[in-house]
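Participant: First, the structure itself, so that you have it in front of you.
2 protein chains.
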Amino acid sequence: MKRAKQVTIYDIAKNVQVSPATVSRALKDHYSISKETIQNVKKAAKQMGYFPNTPASSLRSKKTNTIGVMVSRINRPFISTLISGVEEVANSKGYHVFIAQSEDMTQKEISNARAMFSARVDGLIVSLAMETHDYGHFDVFLDSGTPLVFVDRVPANMAADKVVVDNYEAAFKMTQHLIEQGCNRIAHFGGAQHRDVYRLRKEGYLAALKQHNLPIDESLMIYSNLGAEEGLEMTQRLFDLPVPPDAIFSANDTAAVSAIQFAKDKGIAIPKELAVAGFNNDRLASIIAPALTTVANPAFDLGKAAASQLFAQREENDMVASNTTVLKTELIVRESSLKKGR
Amino acid sequence: MKRAKQVTIYDIAKNVQVSPATVSRALKDHYSISKETIQNVKKAAKQMGYFPNTPASSLRSKKTNTIGVMVSRINRPFISTLISGVEEVANSKGYHVFIAQSEDMTQKEISNARAMFSARVDGLIVSLAMETHDYGHFDVFLDSGTPLVFVDRVPANMAADKVVVDNYEAAFKMTQHLIEQGCNRIAHFGGAQHRDVYRLRKEGYLAALKQHNLPIDESLMIYSNLGAEEGLEMTQRLFDLPVPPDAIFSANDTAAVSAIQFAKDKGIAIPKELAVAGFNNDRLASIIAPALTTVANPAFDLGKAAASQLFAQREENDMVASNTTVLKTELIVRESSLKKGR
DNA sequence: TTGTAGGCGTTATCAT
DNA sequence: ATGATAACGCCTACAA
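Chains A and B supply the protein sequences, listed in that same order. Those letters in the first sequence? Residues 51 to 392, per the numbering used here, in order. Those letters in the second sequence? Residues 51 to 392, per the numbering used here, in order.
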């Protein structure tokens, strides 16, 4: 229950003996207002406990100074770091960030998109939910000309701004590394295959197998949401096979770490009997023993790039249809894959 | 650059041949509007691509349906999980959550508080920055009657709603556990001591030492922000002492894990030569080898409780000065402290 | 350099 | 069950 009613520019105007318009301008250091008036206004504003009313300002100016970020869930190191990157750029431009989690449910993503548009965010950055394959809920942003950038989990077959890493190449190199370490029965933990980021990781993996003339065995490819639980289950399934794999390349670190835990639990030697590699380079990867070989995924820079591209969109002329930024990854080789030493 | 101008309730009104007021009511299922009109309005709204203008609605109704959450940083498991708890409750009541990070800087916290108030959030949940010790920037919420709840890192000496765990008791039990394992030179990694949560953990630690007649040695207590880097440095300092400790009780898992890493690196046996205990029960704790003894901190429930208490505040009569909810913790004993077995 | 006045889209009040 | 009207707080042409 509110008590004191809020201070408005009218109150300040009365106090300083100028018009509300002057107050409005003075508070934003408008060039046409005298230094003195600006000082007086600001002093009064402070003393009276004035706080601008953002909704009112947004309504009138059609600018909210807010950008939206939609992700699967924030309690994953990769995602929360990515968001920090977005915030860094946004805050430096005087924008705030509105975050929404889909929990990997398309339905929640749709409702979040609605809420974001209703809030009239000045731009939207999206990393898609695992299962989303219809992108109609983003049309309203395109139609209204609201800047929209996809990052990491981007849509296939949609002309839109995107910021990604070269997942194919990273996966190819990682698989090649495992092959060079002497593995020839390499399993893969993948995410939903209509999600480009996961499809490309699998394709890079397949390409490396082919290039080295290794057989392709469907029973070695398992798909899930790549959570910690799922990682254990997937590993169990692999070791229920008549011939278990001698390596696992997981599309994320969470599941890879579970694989290591499973192996340790069952007395399977890593990397001797089973080499393991992940993707992301979470802190977990360097802490588990043996330390996890993985791909350094530049989460913070992805966030920064996505935000930068969002702001760039507003300046661009309308001829630019779409723009994809690709950031670099790096292979991080640790003990979990070193059968031969370096 | 926006193109199509937005659809408003006026457009719908014209289309359906009713007044804007009726449209407004129909869209919210107002009881006085006929089923038929409601249907017509909603159908037209959908077909015309109508999205309510939240800023306009907020301005007029003085309700934003948004609550703010201010934390140090979201890319920590404890924090992001806590936020998920807040979201669960908030979303179930039709509220959205606005998140701001202080990065443990008081200055940023102050500016975030301003932004939150300007956005006219309907309530605010705060976990304080490490260094904050003046709480004046929250006065405006109290004065205006905006519900305010502190969680985890709560202010000392301030009559306000709080949600915490019993840090003193948890720390006492943990220290006692270390003593029972035969440790008698127990070090402590603490956070800023004006932050209740860290002060109480230290006091619990001290109380346990006293109760067991162990000497108190200031050189064994080190304070920092408890990051991964700091954890290594603090451990280094302990092992530079003439007589290093035989146990470390860290006020969080991050620094505790660093201590284990340091020990492994230097060939110090855990728990034989050095027992280690943390606080929070992050996933890290169960993954590092040896697994980390720690205190299960109910992050998700803290978030849920904070949000529930926030919504409860609005109903309460004004006589209630303040309310503190205390949640349970649990000692999680793992290998890192088991000198004697269980 | 400052003031006047109208309107942003919605909802609350009062009327019918 | 529905309409007319004013107001929420701010911004911005246009005027002075």
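Note that CB positions come from ideal geometry on N, CA and C, so glycine has one too.
Indicate the three-state DSSP secondary structure (helix, strand or coil) for V139/A in the structure shown.
Facilitator: Looking at V139/A - three-state DSSP - the assignment turns out to be helix.
Participant: For S130/B, which residues from the same chain have a beta carbon less than 6 Å from its beta carbon, with the 5 sequence-adjacent residues on both sides left out?
Facilitator: Hits under 6 Å: I124.
Participant: Check the Cβ of I338/A against every Cβ in chain B and list those closer than 8 Å, keeping chain order.
Facilitator: Those within 8 Å of I338/A in chain B are I337, I338, A339.
Participant: Which residues of chain A have a Cβ atom closer than 7 Å to the Cβ of H146/B, listed in chain order?
Facilitator: Correct list: A165.
Participant: Can a CB atom of chain A be found closer than 8 Å to the CB of P321/B?
Facilitator: Chain A, which has no Cβ nearer than 8 Å to the Cβ of P321/B, makes this no.
Participant: Can you tell me whether P265/A is buried or exposed? The criterion is at least 16 other CB atoms within 10 Å of its CB, across all chains shown.
Facilitator: Exposed: under 16 other Cβ atoms inside 10 Å.
Participant: Sorted by chain position, which residues of the same chain lie with C-beta nearer than 8 Å to E283/A's C-beta, five sequence neighbours on each side aside?
Facilitator: Within the same chain, E283/A has close Cβ partners S274.
Participant: What's the gap between the Cα of V376/A and the Cα of P102/A?
Facilitator: Spanning the two alpha carbons is a distance of roughly 40 Å.
Participant: On the DSSP bridge list, what partners appear for V298/B?
Facilitator: The residue asked about is misnamed: residue 298/B is Ile in this sequence, not Val. BP columns for I298/B point to A237/B, V326/B.
Participant: I believe V326/A touches A339/A by the beta-carbon criterion, under 8 Å. Please report the beta-carbon distance rounded to the nearest angstrom.
Facilitator: Actually they are not in contact, since the Cβ atoms of V326/A and A339/A sit about 12 Å apart, beyond 8 Å.
Participant: Give a yes or no on contact between the region 370-388 of chain B and the region 340-352 of chain B, applying the rule of three or more CB pairs nearer than 8 Å.
Facilitator: Yes, the region 370-388 of chain B touches the region 340-352 of chain B.
Participant: So V139/A and S358/A are supposed to be a Cβ contact under 8 Å. How far apart are they, rounded?
Facilitator: The Cβ separation is near 6 Å, so the contact holds.
Participant: Specify, as a first and last residue, the run of the beta strand (DSSP E) that M120/A falls within.
Facilitator: M120/A -> beta strand (DSSP E) spans 116-121.
Participant: State the Cα-Cα distance for the pair E153/A and G241/A, rounded to the nearest angstrom.
Facilitator: Using only the alpha carbons, I get a separation of about 15 Å.
Participant: Measure the C-alpha to C-alpha separation of I272/B and F239/B and round it to an integer number of angstroms.
Facilitator: Each residue's alpha carbon lies about 5 Å from the other.
Participant: Would you kindly check if the distance between the Cβ of L132/B and the Cβ of A362/B is under 8 Å?
Facilitator: No, these two residues do not count as a Cβ contact at 8 Å.
Participant: May I have the straight-line CA-CA distance separating L228/B from R287/B, to the nearest angstrom?
Facilitator: Taking the straight line from one Cα to the other gives about 21 Å.
Participant: With a cut-off of 8 Å, does the C-beta of R333/B fall near any C-beta of chain A?
Facilitator: Yes, R333/B lies at the interface with chain A (some Cβ there is under 8 Å from its Cβ).
Participant: Under a three-way DSSP split, which group does M271/B fall into?
Facilitator: M271/B: strand per DSSP, three-state reduction.
Participant: N373/B CB to nearest chain A CB: under 8 Å?
Facilitator: Not closer than 8 Å to any Cβ of chain A, the Cβ of N373/B fails to qualify, so no.
Participant: Taking 8 Å as the CB-CB limit, is R53/A close to chain B?
Facilitator: Reliability of the predicted coordinates at R53/A is poor, the pLDDT of 45 falling under 50, and the value obtained from them is presented with this limitation in mind. Yes, because at least one Cβ of chain B sits closer than 8 Å to the Cβ of R53/A.
Participant: State the DSSP-derived secondary structure class of D79/B, mapped to helix, strand or coil.
Facilitator: Coil.
Participant: From the beta carbon of G317/A, is the nearest beta carbon of chain B less than 8 Å away?
Facilitator: Not closer than 8 Å to any Cβ of chain B, the Cβ of G317/A fails to qualify, so no.
Participant: Is DSSP giving G173/B helix, strand or coil here?
Facilitator: Of the three classes helix, strand and coil, the one that applies to G173/B here is strand, per DSSP.
Participant: At a Cβ cut of 7 Å, what residues of the region 89-119 of chain B count as close to chain A, listed as they run along the chain?
Facilitator: Answer set for the region 89-119 of chain B: G99, F101, P102, N103, T104, P105, A106, S108, L109, T114.
Participant: With 16 as the cutoff for other CB atoms within 10 Å, does Q151/A come out buried or exposed?
Facilitator: So Q151/A counts as buried.
Participant: Taking Cβ-Cβ distances shorter than 7 Å, what residues in chain B pair up with P127/A?
Facilitator: Correct list: N125.
Participant: Quick one: grab the DSSP three-state call for K112/A.
Facilitator: In the structure shown, K112/A sits in coil (DSSP, three-state: anything other than H, G, I, E or B).
Participant: Which two residues bound the contiguous beta strand (DSSP E) that contains D211/B?
Facilitator: Residues 211-215.
Participant: Are the CB atoms of F167/B and V147/B within a distance shorter than 8 Å?
Facilitator: The answer is no: Cβ separation not under 8 Å.
Participant: Compute the Euclidean distance between the alpha carbons of A71/A and S74/B, then round it to the nearest angstrom.
Facilitator: Whole-angstrom Cα-Cα distance: 31 Å.
Participant: Going by DSSP, what residues sit across from H183/A in a beta bridge?
Facilitator: DSSP, once it has assigned bridges, lists no residue as partnering H183/A.
Participant: Starting from L377/A, trace the beta strand (DSSP E) in both directions and tell me its first and last residue.
Facilitator: Taken as a continuous stretch (DSSP letters only), the beta strand (DSSP E) holding L377/A covers 374-377.
Participant: For the alpha helix (DSSP H) containing A242/A, name the first residue and the last one.
Facilitator: Neither: A242/A is in no alpha helix (DSSP H) and is coded neither H nor E.
Participant: Would A278/A pass as a contact of S300/A if the rule is Cβ separation under 8 Å?
Facilitator: It is not a contact, given that the beta carbons lie outside the stated cut-off.
Participant: Answer yes or no: does any C-beta atom of chain A fall closer than 8 Å to that of V376/B?
Facilitator: Answer no: the Cβ-Cβ gap between V376/B and chain A never drops below 8 Å.
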